[in-house]
Amino acid sequence: MADSPLTIKTQRILIAVEDSKYSEKAVRYGYHLANAFDGQVALVHVIDPPTTSTYGAVDPIMGVNPVYIPEINEVQEDASEELLNRLIAGWAGPSENITKFSKIGQPRQEILTVANEWQADLIVLGTHGRTGFDHFISGSVSEGVARRSVCPVIIVPYKDDDITE
(Lines of atoms letter the chains of each structure in order from A and count residues from 1; the text may use other names and numbers.)
(Lines give C-alpha, C1' and ligand atoms only; values in the text may rest on other atoms or scores of the structure.)
Protein backbone atom coordinates (compact mmCIF):
# COMPACT_ATOMS: atom_id res chain seq x y z
CA MET A 1 0.00 0.00 0.00
CA ALA A 2 1.40 3.40 -0.94
CA ASP A 3 1.84 6.02 1.72
CA SER A 4 -0.98 8.53 1.70
CA PRO A 5 -1.50 11.52 3.95
CA LEU A 6 -3.71 9.30 6.14
CA THR A 7 -1.26 6.41 6.40
CA ILE A 8 0.51 6.21 9.73
CA LYS A 9 4.04 4.94 9.29
CA THR A 10 5.60 3.49 12.42
CA GLN A 11 8.47 1.36 11.21
CA ARG A 12 11.40 3.15 12.86
CA ILE A 13 10.95 3.84 16.57
CA LEU A 14 13.62 5.86 18.37
CA ILE A 15 13.63 5.45 22.15
CA ALA A 16 15.52 8.10 24.12
CA VAL A 17 16.97 6.63 27.30
CA GLU A 18 18.79 7.53 30.47
CA ASP A 19 19.77 5.42 33.45
CA SER A 20 16.54 5.76 35.42
CA LYS A 21 13.28 4.00 36.20
CA TYR A 22 11.51 6.68 34.13
CA SER A 23 13.44 5.62 31.09
CA GLU A 24 12.92 1.90 31.63
CA LYS A 25 9.15 2.35 31.41
CA ALA A 26 9.59 4.23 28.12
CA VAL A 27 11.85 1.46 26.79
CA ARG A 28 9.26 -1.17 27.66
CA TYR A 29 6.56 0.89 25.94
CA GLY A 30 8.70 1.53 22.86
CA TYR A 31 9.61 -2.15 22.44
CA HIS A 32 5.95 -3.15 22.74
CA LEU A 33 5.03 -0.64 20.04
CA ALA A 34 7.80 -1.89 17.78
CA ASN A 35 6.57 -5.47 18.22
CA ALA A 36 2.98 -4.44 17.49
CA PHE A 37 3.97 -2.58 14.31
CA ASP A 38 6.75 -4.99 13.33
CA GLY A 39 9.11 -2.02 13.44
CA GLN A 40 12.78 -1.37 14.02
CA VAL A 41 14.08 0.08 17.27
CA ALA A 42 16.95 2.42 17.97
CA LEU A 43 18.02 3.57 21.42
CA VAL A 44 19.70 6.92 21.98
CA HIS A 45 21.46 7.99 25.16
CA VAL A 46 22.80 11.51 25.44
CA ILE A 47 25.59 12.45 27.83
CA ASP A 48 25.63 16.02 29.10
CA PRO A 49 29.26 17.12 28.77
CA PRO A 50 30.84 17.29 32.23
CA THR A 51 32.77 20.34 33.30
CA THR A 52 35.13 21.14 36.11
CA SER A 53 33.42 24.47 36.62
CA THR A 54 30.37 25.14 38.70
CA TYR A 55 27.70 27.46 37.37
CA GLY A 56 29.18 30.26 39.45
CA ALA A 57 32.61 29.92 37.83
CA VAL A 58 31.30 29.84 34.25
CA ASP A 59 30.65 33.31 32.91
CA PRO A 60 29.96 33.50 29.17
CA ILE A 61 29.72 37.30 29.32
CA MET A 62 33.26 37.54 30.70
CA GLY A 63 34.51 34.83 28.34
CA VAL A 64 35.01 32.20 31.05
CA ASN A 65 33.99 28.88 29.50
CA PRO A 66 33.60 25.50 31.19
CA VAL A 67 36.62 23.22 31.15
CA TYR A 68 36.09 19.68 29.84
CA ILE A 69 37.97 16.70 31.24
CA PRO A 70 38.56 13.95 28.63
CA GLU A 71 38.89 11.19 31.25
CA ILE A 72 35.40 11.91 32.60
CA ASN A 73 34.05 11.81 29.05
CA GLU A 74 35.56 8.36 28.56
CA VAL A 75 34.02 7.07 31.79
CA GLN A 76 30.63 8.48 30.81
CA GLU A 77 30.88 7.05 27.29
CA ASP A 78 31.65 3.60 28.75
CA ALA A 79 28.69 3.93 31.13
CA SER A 80 26.47 4.97 28.22
CA GLU A 81 27.54 1.93 26.20
CA GLU A 82 26.86 -0.36 29.18
CA LEU A 83 23.41 1.20 29.68
CA LEU A 84 22.47 0.73 26.02
CA ASN A 85 23.70 -2.88 26.02
CA ARG A 86 21.79 -3.63 29.24
CA LEU A 87 18.56 -2.17 27.84
CA ILE A 88 18.97 -4.11 24.61
CA ALA A 89 19.69 -7.37 26.44
CA GLY A 90 16.77 -6.85 28.80
CA TRP A 91 14.09 -6.16 26.22
CA ALA A 92 15.14 -7.23 22.75
CA GLY A 93 14.73 -10.76 21.49
CA PRO A 94 17.84 -12.63 20.32
CA SER A 95 16.93 -12.17 16.65
CA GLU A 96 16.27 -8.44 16.89
CA ASN A 97 18.77 -6.00 15.48
CA ILE A 98 18.71 -2.88 17.65
CA THR A 99 20.53 0.25 16.58
CA LYS A 100 22.14 2.25 19.36
CA PHE A 101 23.43 5.80 19.54
CA SER A 102 25.51 7.31 22.32
CA LYS A 103 25.93 11.06 21.93
CA ILE A 104 27.54 13.86 23.89
CA GLY A 105 25.75 17.19 23.96
CA GLN A 106 22.46 18.82 24.84
CA PRO A 107 19.92 15.98 25.17
CA ARG A 108 17.05 17.77 23.46
CA GLN A 109 19.10 18.68 20.40
CA GLU A 110 20.94 15.37 20.12
CA ILE A 111 17.71 13.34 20.30
CA LEU A 112 16.22 15.44 17.50
CA THR A 113 19.41 15.15 15.42
CA VAL A 114 19.49 11.35 15.78
CA ALA A 115 15.77 11.13 14.95
CA ASN A 116 16.38 13.11 11.78
CA GLU A 117 19.53 11.24 10.73
CA TRP A 118 18.05 7.78 11.48
CA GLN A 119 14.76 8.88 9.85
CA ALA A 120 12.64 7.91 12.84
CA ASP A 121 8.90 7.63 12.36
CA LEU A 122 8.25 7.95 16.09
CA ILE A 123 10.17 9.06 19.17
CA VAL A 124 9.40 7.50 22.56
CA LEU A 125 10.79 8.95 25.78
CA GLY A 126 9.96 9.03 29.43
CA THR A 127 9.34 11.94 31.70
CA HIS A 128 10.00 12.53 35.36
CA GLY A 129 6.61 14.18 35.72
CA ARG A 130 8.06 17.27 37.37
CA THR A 131 5.87 20.33 37.63
CA GLY A 132 6.13 23.84 38.93
CA PHE A 133 9.51 25.01 40.19
CA ASP A 134 11.21 21.62 39.62
CA HIS A 135 10.12 21.73 35.97
CA PHE A 136 11.32 25.32 35.64
CA ILE A 137 14.75 24.52 37.10
CA SER A 138 15.39 21.22 35.32
CA GLY A 139 13.61 22.04 32.09
CA SER A 140 11.92 19.32 30.17
CA VAL A 141 13.77 17.38 27.53
CA SER A 142 10.58 15.55 26.57
CA GLU A 143 8.66 18.80 26.14
CA GLY A 144 11.44 20.33 24.04
CA VAL A 145 11.65 17.24 21.83
CA ALA A 146 7.87 17.16 21.37
CA ARG A 147 7.74 20.83 20.39
CA ARG A 148 10.54 20.64 17.82
CA SER A 149 10.20 17.14 16.37
CA VAL A 150 9.06 16.59 12.79
CA CYS A 151 7.78 13.10 13.66
CA PRO A 152 5.26 12.11 16.35
CA VAL A 153 6.52 11.89 19.93
CA ILE A 154 5.10 9.69 22.66
CA ILE A 155 5.94 10.85 26.17
CA VAL A 156 5.53 8.00 28.65
CA PRO A 157 4.74 9.40 32.09
CA TYR A 158 6.10 7.80 35.22
CA LYS A 159 4.86 8.43 38.71
CA ASP A 160 6.52 7.00 41.79
CA ASP A 161 3.42 4.90 42.46
CA ASP A 162 3.54 3.20 39.02
CA ILE A 163 3.63 -0.55 39.24
CA THR A 164 6.10 -2.28 36.94
CA GLU A 165 5.21 -5.56 35.30
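Position one of the sequence shown corresponds to residue 2 (the numbering used here), numbered consecutively onward.
Positions of the beta carbon are idealized from the N, C-alpha and C atoms, including for glycine.
Unbroken alpha helix (DSSP H) run spanning residue i, endpoints
i      : result
ALA116 : 108-119
Three-state secondary structure (DSSP) of residue i
i      : result
LYS26  : helix
GLN77  : helix
VAL146 : helix
SER139 : Here the model assigns SER139 a pLDDT of 46, short of 50, so the residue's position is not dependable, and the following value carries that caveat. Of the three classes helix, strand and coil, the one that applies to SER139 here is helix, per DSSP.
GLY40  : coil
ILE16  : strand
LYS10  : coil
Cβ-Cβ separation, residue j to residue i (assumed contact under 8 Å), whole Å
i     : j      : result
ARG29 : ALA121 : Contact flag wrong, Cβ pair sits at about 18 Å.
Cβ-Cβ distance between residue i and residue j below 8 Å
i      : j      : result
ILE124 : VAL142 : no
THR128 : PRO158 : yes
LEU126 : ALA27  : yes
VAL42  : ALA17  : no
ILE48  : ILE105 : yes
Residue span of the beta strand (DSSP E) that contains residue i, given as start and end
i      : result
ILE105 : 100-105
Beta-ladder partner(s) of residue i, from DSSP
i      : result
ILE155 : VAL125
ILE48  : ILE105
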